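Residue numbers (the UniProt record's numbering): 1 to 312.
For glycine and all other residues, C-beta sits at the position ideal for the given N, C-alpha and C.
Please read all numbers here as calculations on a predicted model, not as lab measurements.
Working notes, structure below.
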(Lines of atoms letter the chains of each structure in order from A and count residues from 1; the text may use other names and numbers.)
(Lines give C-alpha, C1' and ligand atoms only; values in the text may rest on other atoms or scores of the structure.)
Protein backbone atom coordinates (compact mmCIF):
# COMPACT_ATOMS: atom_id res chain seq x y z
CA UNK A 1 0.00 0.00 0.00
CA UNK A 2 1.26 3.49 -0.85
CA UNK A 3 2.00 6.09 1.80
CA UNK A 4 -0.93 8.27 2.81
CA UNK A 5 -0.25 11.88 3.71
CA UNK A 6 -2.85 14.63 3.45
CA UNK A 7 -2.63 17.64 5.72
CA UNK A 8 -4.56 20.91 5.83
CA UNK A 9 -2.96 24.17 6.92
CA UNK A 10 -4.00 27.81 7.12
CA UNK A 11 -1.71 30.71 6.22
CA UNK A 12 -2.00 33.96 8.13
CA UNK A 13 -2.30 37.34 6.48
CA UNK A 14 1.17 38.45 5.46
CA UNK A 15 2.41 35.00 4.42
CA UNK A 16 0.48 34.37 1.20
CA UNK A 17 2.90 35.94 -1.27
CA UNK A 18 5.96 34.35 0.30
CA UNK A 19 4.32 30.93 0.42
CA UNK A 20 3.19 31.19 -3.19
CA UNK A 21 6.82 31.92 -4.10
CA UNK A 22 7.89 28.90 -2.05
CA UNK A 23 5.59 26.36 -3.67
CA UNK A 24 6.06 27.69 -7.22
CA UNK A 25 9.82 28.00 -6.63
CA UNK A 26 10.01 31.66 -7.57
CA UNK A 27 12.11 34.45 -6.09
CA UNK A 28 14.66 33.19 -3.59
CA UNK A 29 13.42 29.61 -4.08
CA UNK A 30 14.32 29.38 -7.79
CA UNK A 31 17.38 27.26 -7.12
CA UNK A 32 15.58 24.39 -5.37
CA UNK A 33 15.44 22.35 -8.58
CA UNK A 34 12.60 20.04 -7.51
CA UNK A 35 9.61 21.76 -9.15
CA UNK A 36 7.66 19.46 -11.47
CA UNK A 37 4.68 21.62 -12.33
CA UNK A 38 2.80 24.73 -11.19
CA UNK A 39 -0.48 26.24 -12.31
CA UNK A 40 -3.21 28.61 -11.19
CA UNK A 41 -6.95 28.86 -11.65
CA UNK A 42 -10.13 30.82 -10.92
CA UNK A 43 -8.19 34.06 -10.50
CA UNK A 44 -10.07 37.39 -10.68
CA UNK A 45 -9.46 39.48 -13.78
CA UNK A 46 -6.79 41.65 -12.18
CA UNK A 47 -4.66 38.58 -11.27
CA UNK A 48 -5.10 36.31 -14.28
CA UNK A 49 -1.88 37.45 -15.96
CA UNK A 50 0.06 37.65 -12.68
CA UNK A 51 -1.45 35.13 -10.21
CA UNK A 52 1.15 36.04 -7.62
CA UNK A 53 -0.56 39.44 -7.33
CA UNK A 54 -3.61 37.69 -5.88
CA UNK A 55 -1.68 36.35 -2.88
CA UNK A 56 0.12 39.67 -2.40
CA UNK A 57 -3.26 41.44 -2.41
CA UNK A 58 -4.53 38.95 0.18
CA UNK A 59 -1.57 39.87 2.38
CA UNK A 60 -2.26 43.56 1.97
CA UNK A 61 -6.06 43.77 2.04
CA UNK A 62 -7.32 40.72 3.93
CA UNK A 63 -8.96 41.60 7.23
CA UNK A 64 -6.91 41.71 10.42
CA UNK A 65 -6.35 38.26 11.90
CA UNK A 66 -7.72 36.72 8.70
CA UNK A 67 -6.28 33.79 6.80
CA UNK A 68 -4.67 34.55 3.45
CA UNK A 69 -5.04 30.97 2.22
CA UNK A 70 -5.81 27.36 3.04
CA UNK A 71 -3.33 24.72 1.90
CA UNK A 72 -3.53 21.01 1.18
CA UNK A 73 -0.23 19.13 1.31
CA UNK A 74 -0.60 15.78 -0.44
CA UNK A 75 1.75 12.84 -0.99
CA UNK A 76 1.64 11.48 -4.55
CA UNK A 77 2.30 7.91 -5.73
CA UNK A 78 5.75 7.21 -7.11
CA UNK A 79 4.20 4.78 -9.58
CA UNK A 80 2.82 7.65 -11.67
CA UNK A 81 4.88 9.66 -14.13
CA UNK A 82 4.96 13.45 -13.92
CA UNK A 83 2.13 14.00 -16.36
CA UNK A 84 -0.07 11.53 -14.49
CA UNK A 85 0.73 13.08 -11.11
CA UNK A 86 -0.26 16.48 -12.46
CA UNK A 87 -3.44 15.07 -13.97
CA UNK A 88 -4.36 13.42 -10.66
CA UNK A 89 -3.98 16.66 -8.69
CA UNK A 90 -5.79 18.63 -11.37
CA UNK A 91 -8.70 16.18 -11.12
CA UNK A 92 -8.83 16.52 -7.32
CA UNK A 93 -8.72 20.32 -7.51
CA UNK A 94 -11.49 20.34 -10.10
CA UNK A 95 -13.70 18.17 -7.90
CA UNK A 96 -13.02 20.06 -4.66
CA UNK A 97 -12.79 23.68 -5.79
CA UNK A 98 -14.61 23.78 -9.11
CA UNK A 99 -14.87 27.42 -10.15
CA UNK A 100 -15.54 28.68 -6.62
CA UNK A 101 -12.07 29.41 -5.24
CA UNK A 102 -8.90 30.97 -6.63
CA UNK A 103 -5.99 28.55 -6.32
CA UNK A 104 -2.34 27.87 -7.02
CA UNK A 105 -0.94 24.36 -6.95
CA UNK A 106 2.55 23.02 -7.43
CA UNK A 107 4.15 19.59 -7.48
CA UNK A 108 7.60 18.99 -6.01
CA UNK A 109 9.75 15.88 -6.27
CA UNK A 110 12.73 16.13 -3.90
CA UNK A 111 14.87 13.20 -2.87
CA UNK A 112 13.44 11.47 0.19
CA UNK A 113 15.44 12.12 3.35
CA UNK A 114 15.32 8.48 4.45
CA UNK A 115 15.81 6.20 1.44
CA UNK A 116 16.96 8.75 -1.15
CA UNK A 117 14.14 7.84 -3.53
CA UNK A 118 11.63 10.16 -5.12
CA UNK A 119 9.23 11.98 -2.83
CA UNK A 120 6.55 13.51 -5.08
CA UNK A 121 4.00 15.67 -3.33
CA UNK A 122 1.67 18.55 -4.09
CA UNK A 123 0.93 21.88 -2.42
CA UNK A 124 -2.53 23.28 -3.17
CA UNK A 125 -3.11 26.88 -2.03
CA UNK A 126 -6.71 28.06 -2.18
CA UNK A 127 -8.45 31.27 -1.23
CA UNK A 128 -11.23 31.08 1.34
CA UNK A 129 -13.10 33.71 -0.69
CA UNK A 130 -15.82 32.43 -3.03
CA UNK A 131 -16.07 33.65 -6.62
CA UNK A 132 -19.57 35.01 -7.27
CA UNK A 133 -19.05 36.55 -10.71
CA UNK A 134 -18.81 40.12 -9.40
CA UNK A 135 -15.70 41.98 -10.53
CA UNK A 136 -14.03 43.66 -7.57
CA UNK A 137 -10.84 45.68 -7.29
CA UNK A 138 -8.13 44.10 -5.12
CA UNK A 139 -8.77 46.39 -2.15
CA UNK A 140 -12.50 45.53 -2.22
CA UNK A 141 -12.18 41.80 -2.91
CA UNK A 142 -10.91 40.97 0.59
CA UNK A 143 -13.21 43.23 2.60
CA UNK A 144 -16.19 42.08 4.68
CA UNK A 145 -19.01 40.59 2.60
CA UNK A 146 -22.09 42.80 2.18
CA UNK A 147 -25.16 40.53 2.03
CA UNK A 148 -27.56 43.34 1.07
CA UNK A 149 -25.31 44.92 -1.58
CA UNK A 150 -22.75 42.23 -2.58
CA UNK A 151 -21.07 44.50 -5.12
CA UNK A 152 -20.21 46.96 -2.34
CA UNK A 153 -18.44 44.41 -0.17
CA UNK A 154 -15.80 41.76 -0.51
CA UNK A 155 -16.16 38.23 -1.84
CA UNK A 156 -17.85 36.02 0.72
CA UNK A 157 -15.82 33.44 2.62
CA UNK A 158 -16.92 29.82 2.56
CA UNK A 159 -18.83 28.43 5.51
CA UNK A 160 -15.89 26.52 6.98
CA UNK A 161 -14.96 29.28 9.41
CA UNK A 162 -18.38 29.10 11.10
CA UNK A 163 -18.35 25.36 11.78
CA UNK A 164 -18.03 23.99 15.29
CA UNK A 165 -14.88 22.10 16.24
CA UNK A 166 -16.59 18.72 15.85
CA UNK A 167 -18.02 19.78 12.48
CA UNK A 168 -14.56 20.89 11.33
CA UNK A 169 -13.15 17.50 12.29
CA UNK A 170 -15.89 15.70 10.39
CA UNK A 171 -15.30 17.92 7.35
CA UNK A 172 -11.57 17.13 7.47
CA UNK A 173 -12.23 13.39 7.66
CA UNK A 174 -14.57 13.65 4.68
CA UNK A 175 -11.99 15.65 2.73
CA UNK A 176 -9.25 13.09 3.44
CA UNK A 177 -11.62 10.31 2.39
CA UNK A 178 -12.41 12.07 -0.90
CA UNK A 179 -8.70 12.35 -1.68
CA UNK A 180 -8.23 8.62 -1.04
CA UNK A 181 -11.21 7.87 -3.29
CA UNK A 182 -9.89 10.09 -6.10
CA UNK A 183 -6.38 8.61 -5.76
CA UNK A 184 -7.54 4.98 -5.78
CA UNK A 185 -10.00 5.46 -8.63
CA UNK A 186 -7.29 7.07 -10.78
CA UNK A 187 -4.78 4.27 -10.15
CA UNK A 188 -7.42 1.58 -10.65
CA UNK A 189 -8.22 3.06 -14.07
CA UNK A 190 -4.54 2.68 -15.00
CA UNK A 191 -4.43 -0.90 -13.75
CA UNK A 192 -1.87 -0.07 -11.06
CA UNK A 193 -2.18 -2.50 -8.16
CA UNK A 194 -0.82 -2.49 -4.59
CA UNK A 195 -0.76 1.32 -4.43
CA UNK A 196 -4.13 2.05 -2.88
CA UNK A 197 -4.29 4.39 0.11
CA UNK A 198 -6.58 4.46 3.13
CA UNK A 199 -7.40 7.67 5.00
CA UNK A 200 -8.33 5.81 8.17
CA UNK A 201 -6.00 5.43 11.13
CA UNK A 202 -4.10 2.18 11.58
CA UNK A 203 -6.34 1.29 14.50
CA UNK A 204 -9.45 1.81 12.37
CA UNK A 205 -7.92 -0.41 9.69
CA UNK A 206 -7.23 -3.13 12.25
CA UNK A 207 -3.45 -2.81 11.83
CA UNK A 208 -1.54 -3.25 15.09
CA UNK A 209 1.64 -1.24 14.67
CA UNK A 210 3.03 2.16 15.53
CA UNK A 211 2.30 4.95 13.02
CA UNK A 212 5.33 6.66 11.53
CA UNK A 213 5.82 10.38 11.99
CA UNK A 214 5.85 12.50 8.85
CA UNK A 215 9.26 14.18 8.72
CA UNK A 216 9.72 17.38 6.79
CA UNK A 217 12.82 18.47 4.90
CA UNK A 218 14.49 20.13 7.90
CA UNK A 219 13.79 17.35 10.39
CA UNK A 220 14.88 14.55 8.06
CA UNK A 221 18.08 16.45 7.33
CA UNK A 222 19.10 16.16 10.98
CA UNK A 223 18.71 12.39 11.18
CA UNK A 224 21.85 10.34 11.69
CA UNK A 225 22.77 7.38 9.50
CA UNK A 226 21.69 5.12 12.36
CA UNK A 227 18.29 6.85 12.45
CA UNK A 228 17.77 6.32 8.73
CA UNK A 229 18.79 2.68 8.92
CA UNK A 230 16.41 2.03 11.80
CA UNK A 231 13.49 3.71 10.01
CA UNK A 232 14.12 1.82 6.77
CA UNK A 233 14.25 -1.46 8.66
CA UNK A 234 10.95 -0.68 10.36
CA UNK A 235 9.37 0.22 7.02
CA UNK A 236 10.41 -3.12 5.60
CA UNK A 237 8.65 -5.04 8.36
CA UNK A 238 5.27 -6.52 7.39
CA UNK A 239 2.05 -5.36 9.00
CA UNK A 240 0.28 -7.37 11.69
CA UNK A 241 -1.95 -8.94 9.03
CA UNK A 242 1.11 -10.43 7.39
CA UNK A 243 2.50 -11.55 10.74
CA UNK A 244 -0.61 -13.63 11.40
CA UNK A 245 -0.53 -15.16 7.92
CA UNK A 246 3.20 -15.63 7.39
CA UNK A 247 4.84 -15.66 10.79
CA UNK A 248 6.50 -19.00 10.02
CA UNK A 249 8.13 -17.42 6.98
CA UNK A 250 9.41 -14.31 8.75
CA UNK A 251 9.58 -14.74 12.51
CA UNK A 252 7.35 -15.23 15.49
CA UNK A 253 5.69 -11.90 16.26
CA UNK A 254 5.37 -12.98 19.89
CA UNK A 255 9.13 -13.28 20.26
CA UNK A 256 9.81 -11.13 23.33
CA UNK A 257 13.37 -10.36 22.27
CA UNK A 258 12.24 -8.98 18.93
CA UNK A 259 9.40 -7.04 20.53
CA UNK A 260 11.77 -5.46 23.04
CA UNK A 261 14.11 -4.33 20.25
CA UNK A 262 11.24 -2.97 18.18
CA UNK A 263 9.79 -1.00 21.07
CA UNK A 264 13.19 0.42 22.01
CA UNK A 265 13.87 1.48 18.40
CA UNK A 266 10.50 3.23 18.21
CA UNK A 267 11.05 4.93 21.58
CA UNK A 268 14.50 6.20 20.55
CA UNK A 269 13.15 7.43 17.21
CA UNK A 270 10.20 9.15 18.88
CA UNK A 271 12.46 10.89 21.42
CA UNK A 272 14.77 12.23 18.71
CA UNK A 273 11.81 13.37 16.63
CA UNK A 274 10.18 15.19 19.55
CA UNK A 275 13.43 16.97 20.39
CA UNK A 276 13.82 18.15 16.79
CA UNK A 277 10.14 19.06 16.53
CA UNK A 278 10.25 21.15 19.72
CA UNK A 279 13.24 23.14 18.42
CA UNK A 280 11.53 23.70 15.05
CA UNK A 281 8.30 24.76 16.73
CA UNK A 282 10.02 27.32 18.95
CA UNK A 283 11.83 28.80 15.96
CA UNK A 284 8.63 28.96 13.86
CA UNK A 285 6.73 30.67 16.68
CA UNK A 286 9.49 33.27 17.07
CA UNK A 287 9.59 33.93 13.31
CA UNK A 288 5.81 34.21 13.09
CA UNK A 289 5.75 36.67 15.99
CA UNK A 290 8.27 38.87 14.18
CA UNK A 291 6.16 38.78 10.99
CA UNK A 292 2.97 39.55 12.91
CA UNK A 293 4.58 42.42 14.82
CA UNK A 294 5.92 43.99 11.61
CA UNK A 295 2.54 43.83 9.88
CA UNK A 296 0.77 45.16 12.99
CA UNK A 297 3.02 48.23 13.09
CA UNK A 298 2.70 48.71 9.31
CA UNK A 299 -1.10 48.51 9.33
CA UNK A 300 -1.32 50.83 12.31
CA UNK A 301 0.83 53.40 10.48
CA UNK A 302 -1.30 53.12 7.31
CA UNK A 303 -4.50 53.55 9.31
CA UNK A 304 -3.18 56.70 10.96
CA UNK A 305 -2.11 58.12 7.61
CA UNK A 306 -5.64 57.53 6.30
CA UNK A 307 -7.15 59.16 9.36
CA UNK A 308 -8.73 55.97 10.71
CA UNK A 309 -9.13 55.36 14.42
CA UNK A 310 -7.38 52.33 15.85
CA UNK A 311 -9.90 51.25 18.44
CA UNK A 312 -12.24 49.28 16.12
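ask   = What residue range is occupied by the uninterrupted alpha helix (DSSP H) comprising residue 70?
value = Note, residue 70: premise wrong, no alpha helix (DSSP H); beta strand (DSSP E) at 67 to 75.
key: Beta-ladder partner(s) of residue 9, from DSSP   = As computed with DSSP, residue 9 is found in a beta bridge with 71.
message = What residue range does the alpha helix (DSSP H) around residue 141 cover?
response = According to the DSSP assignment, residue 141 belongs to the alpha helix (DSSP H) that extends over 138 to 141.
query = In chain order, what residues of the same chain have a beta carbon less than 7 Å from the beta carbon of residue 244, not counting five sequence neighbours either side?
reply = Its pLDDT being 32, under 50, residue 244 is placed unreliably by the model, and the measurement read from it follows with that caveat. Hits under 7 Å: none found.
ask   = What is the DSSP secondary structure of residue 190, counted as helix, strand or coil?
value = In the structure shown, residue 190 sits in coil (DSSP, three-state: anything other than H, G, I, E or B).
ask   = Which of the three DSSP states, helix, strand or coil, is assigned to residue 78?
value = In the structure shown, the three-state DSSP call for residue 78 is coil.
task = Identify, in the order they occur along the chain, each residue of the same chain with its Cβ nearer than 6 Å to the Cβ of residue 22, setting aside the five sequence neighbours on each side.
result = If you ignore the 5 residues before and after residue 22, its C-beta comes within less than 6 Å of the C-beta of 29, all in its own chain and listed in chain order.
ask   = Who pairs with residue 317 in a beta bridge, going by DSSP?
value = Any question about residue 317 goes unanswered here, given that the chain covers just 1 to 312.
ask   = Are residue 125 and residue 103 touching if we call contact CB-CB under 8 Å?
value = Closer than 8 Å, so yes.
ask   = At which residues does the alpha helix (DSSP H) containing residue 20 begin and terminate?
value = Boundaries of the alpha helix (DSSP H) harbouring residue 20: 16 to 24, taken from the DSSP string.
task = Mind the definition here: the segment 65 to 79 touches the segment 180 to 198 only if three or more C-beta pairs lie below 8 Å; say whether that holds.
result = Contact between the segment 65 to 79 and the segment 180 to 198 is present, because at least three Cβ pairs lie under 8 Å.
query = Which first and last residues belong to the beta strand (DSSP E) in which residue 121 is found?
reply = In the DSSP assignment, residue 121 falls within the beta strand (DSSP E) that extends over 121 to 126.
ask   = Do residue 83 and residue 9 have their CB atoms nearer than 8 Å?
value = No, Cβ-Cβ distance for residue 83 and residue 9 is not below 8 Å.
request  = For the alpha helix (DSSP H) holding residue 59, just list the boundary residues, first then last.
outcome  = Unbroken alpha helix (DSSP H) run through residue 59: 52 to 61.
ask   = Looking at the structure shown, is residue 200 part of a helix, part of a strand, or coil, going by DSSP?
value = In the three-state reduction of the DSSP assignment, residue 200 falls in the coil class.
message = I need the DSSP call for residue 129, collapsed to helix, strand or coil.
response = Per DSSP, reduced to three states, the secondary structure at residue 129 is strand.
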